[in-house]
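Each remark here refers to the structure printed beneath this line.
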Amino acid sequence: MLELDFYGTLVAASLVLLLGRSLVARVGFLRTYNIPEPVAGGLLVALVLLALRSFDIAVQFDTSLQTPLMLAFFATIGLSADLRSLKKGGRVVVIFLLVVTGLLLVQNAMGIGLATALGLDPLMGLLAGSITLSGGHGTGAAWSATFSEKFGLASASELALASATFGLVLGGLIGGPVARLLIKRVQVPGSDQPAPQLPKGFEQPHTERLITSFSLVETLALIAVSLMLGTLLNGMLKGTALELPTFVCVLFVGVMLRNGLAAFGAYHVFEREVSVLGNVSLSLFLAIALMSLKLWDLAALALPFFILLAAQTLVMALFAIFVTFRVMGRNYDAAVLAAGHCGFGLGATPTAIANMQAVTQRFGPSQMAFLVVPMVGAFFIDIINAIVIKLYLALPLFVAL
């Protein structure tokens with residue numbers, strides 16, 4: 001057993017990002033299908049670690065930095081959210097929220113129906129539905145405990161972990177190919193104008209941005225305040241009907257800080273620093289999350305459960321192509337939204353952002369997509385998903401259990 005401490009893990013994550021960048025630059029397939037750099041590097045390392053297990057060699061990472069990085073990323077999402085812009089995009093947010101809700105319903109119906117057809121417990125189908133795919137590891141862990149204690153589902157936590165891991169990997173792999181297929185049908189930015197405007201936010205992470213040390217410290221302070229107050233808010237709401245995941249509370253505080261300070265004329269957030277720190281947090285978080293994946297959990301899946309997850313992946317891709325893209329306008333923004341939807345429809349919001357960055361870095365910015373996906377994927381989906389899950393558990397099939 002090789003155990004890497006905090007610093008060793010940070011070094012490994014940095015090397016994974018450099019590896020991913022080198023792979024995408026050198027391998028045409030990865031560029032063609034818009035595979036995010038952290039996904040390419042992290043998944044390759046996870047596969048190497050899986051191979052090393054056959055020689056009784058194991059590597060243990062210190063993942064204590066993973067949660068703060070994720071929270072810092074969501075803080076930057078909140079700090080970059082101008083409510084005036086959100087008001088302009090309100091209609092699009094509502095439409096996309098309806099599309100996302102439709103996928104939650106489809107995922108659970110598909111999971112229950114296919115699990116029953118394969119002779120599995122219907123609860124396993126629900127667990128391999130929106131609970132772990134759209135919900136991720138956190139939602140999966142919470143509901144698997146309920147399934148074990150209330151319904152007596154054996155190995156619920158292991159199935160939830162494996163399903164969420166499967167979704168995280170596939171969510172980062174199918175978003176780029178889906179976007180590539182859709183972009184062939186639309187006009188991309190800059191095809192009719194020689195000099196497109198420089199994006200302000202997260203659309204093109206490789207773009208150089210002028211920053212100063214003092215303004216960077218100011219932005220770091222805002223992120224730290226968002227993390228501190230968001231954590232306190234989460235503690236106050238815990239156990240109540242308004243309980244929300246910590247990252248949602250952090251994002252909410254970031255939104256309030258940015259717009260509250262601007263409303264009083266006290267301070268205006270520097271978006272270039274926010275985007276730089278947000279991209280750094282996102283990249284390191286994904287690198288740690290993917291390189292520390294326990295892919296052997298997937299190898300241990302029973303064939304029927306693996307078939308169920310593979311079918312869910314196909315459904316996600318088809319839903320993004322035939323529903324998300326069409327409902328959201330059949331244009332370039334809709335194609336980027338479809339890539340993002342694959343990310344958090346199977347994995348998590350950071351994966352969605354990475355998918356969209358891989359697309360916009362190559363084809364051009366999509367400010368609408370980067371406005372809509374973080375708000376829906378980070379803020380609304382957990383609330384809607386909880387309601388949808390409870391509605392399915394109220395069906396006679398589960399009441400009888």
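Under the UniProt record's numbering, the letters of the sequence shown match residues 1 to 401, in that order. Even glycine gets a Cβ: it sits at the ideal position worked out from N, Cα and C. Because the structure is a prediction, the values reported are computed rather than measured.
Going by CA-CA distance only, name the one from the options that's closest to residue i.
i, options, result
"Ala354", "Trp143, Leu308 and Val280", "Val280"
"Ala289", "Ile211, Pro38 and Arg21", "Pro38"
"Phe306", "Val94, Leu127, Leu30 and Arg53", "Leu127"
"Thr139", "Ala394, Leu395, Asn385 and Phe398", "Asn385"
"Cys318", "Ala12, Leu182 and Glu3", "First, the amino acid is wrong: residue 318 is Leu here, not Cys. Cα-wise, what sits closest to Leu318 is Leu182."
"Pro36", "Leu173, Gly260, Cys342 and Ile383", "Leu173"
"Leu282", "Pro68, Leu19 and Ala263", "Pro68"
"Leu220", "Lys184, Phe73, Asp5 and Ala263", "Phe73"
"Arg21", "Asp333, Ala299 and Ala287", "Ala287"
"Arg326", "Gln66, Ile57 and Ile95", "Ile95"
"Leu397", "Thr9, Met236, Ile57 and Gly113", "Gly113"
"Ala25", "Ser144, Arg362, Phe370 and Ile389", "Arg362"
"Val217", "Ile389, Ser14 and Arg272", "Arg272"
"Phe6", "Gln66, Ile57 and Leu19", "Gln66"
"Gly84", "Leu18, Met328, Ala262 and Thr32", "In the sequence as presented, Gly is not what sits at residue 84; that position holds Arg. Closest by alpha carbon: Ala262."
"Ile211", "Ile223, Asn259 and Val274", "Val274"
"Val106", "Ala369, Leu314, Met328 and Phe370", "Leu314"
"residue 413", "Leu298, Gly136 and Ala369", "The structure shown does not extend to residue 413, since the chain is modelled only from 1 to 401, so the question has no answer here."
"residue 424", "Leu298, Pro177 and Ala117", "The chain is shown from 1 up to 401; residue 424 falls before or after that span and cannot be answered."
Between residue i and residue j, which are expected to be in contact by the criterion C-beta below 8 Å, what is the C-beta distance as a whole number of angstroms?
i, j, result
"Thr349", "Pro374", "7 Å"
"Cys249", "Gly278", "With 8 Å as the limit, Cys249 and Gly278 do not qualify as a contact, their Cβ atoms being about 17 Å apart."
"Met316", "Val336", "Actually they do not touch by this definition, with Cβ atoms about 16 Å apart."
"Val186", "Asn331", "5 Å"
"Gly78", "Thr351", "Between Thr351 and Gly78 the Cβ distance is about 19 Å, and since that is not below 8 Å, they are no contact."
"Leu308", "Gly125", "7 Å"
"Leu346", "Gly167", "4 Å"
"Leu30", "Val169", "At roughly 15 Å, the Cβ-Cβ gap does not stay under 8 Å, so Leu30 and Val169 are not in contact."
"Ala320", "His341", "5 Å"
"Val372", "Val93", "5 Å"
"Pro304", "Gly41", "Not quite, the Cβ-Cβ distance comes to about 32 Å (not below 8 Å), so this is no contact."
"Arg130", "Ile389", "The question names Arg, but residue 130 in the sequence shown is Ser. Yes, they are in contact, since the Cβ atoms of Ser130 and Ile389 sit about 7 Å apart, within 8 Å."
According to the Cβ coordinates, are residue i and residue j closer than 8 Å?
i, j, result
"Ser134", "Phe344", "yes"
"Lys294", "Thr165", "yes"
"Leu257", "Ser226", "yes"
"Leu71", "Phe247", "yes"
"Val48", "Val16", "no"
"Phe380", "Leu97", "yes"
"Val359", "Ala339", "yes"
"Phe55", "Ala12", "no"
"Leu284", "Val253", "no"
"Ala162", "Leu301", "yes"
"Ala81", "Val276", "no"
"Val376", "Val100", "yes"
"Ala141", "Ala160", "yes"
"Pro245", "Asp333", "no"
"Gly111", "Gln312", "yes"
"Ala51", "Met1", "no"
"Trp296", "Arg91", "no"
"Ala115", "Ile223", "no"
"Glu243", "Leu251", "no"
"Arg180", "Thr32", "yes"
Ends of the alpha helix (DSSP H) at residue i?
i, result
"Arg185", "Careful: Arg185 lies outside any alpha helix (DSSP H) and carries neither H nor E."
"Arg362", "Thr349 to Phe363"
"Asn385", "Ile381 to Leu393"
"Ser80", "Note, Ser80: premise wrong, no alpha helix (DSSP H); not H, not E."
"Ser22", "Phe6 to Arg26"
"Pro38", "Glu37 to Leu52"
"Met328", "Premise fails: Met328 is in no alpha helix (DSSP H) and is neither H nor E."
"Met368", "Gln367 to Met375"
"Met110", "Gly90 to Ala117"
Checklist entry - Fully enclosed by the region 120-173, which alpha helix (DSSP H) runs are 4 residues long or longer? => result The region 120-173 contains these whole alpha helix (DSSP H) runs: 122-126 and 136-151.
Item to check | Contained alpha helix (DSSP H) runs [length at least 4] in the region 238-326, N- to C-terminal order | outcome: Runs of the alpha helix (DSSP H) inside the region 238-326: 246-263, 271-291, 296-299 and 303-319.
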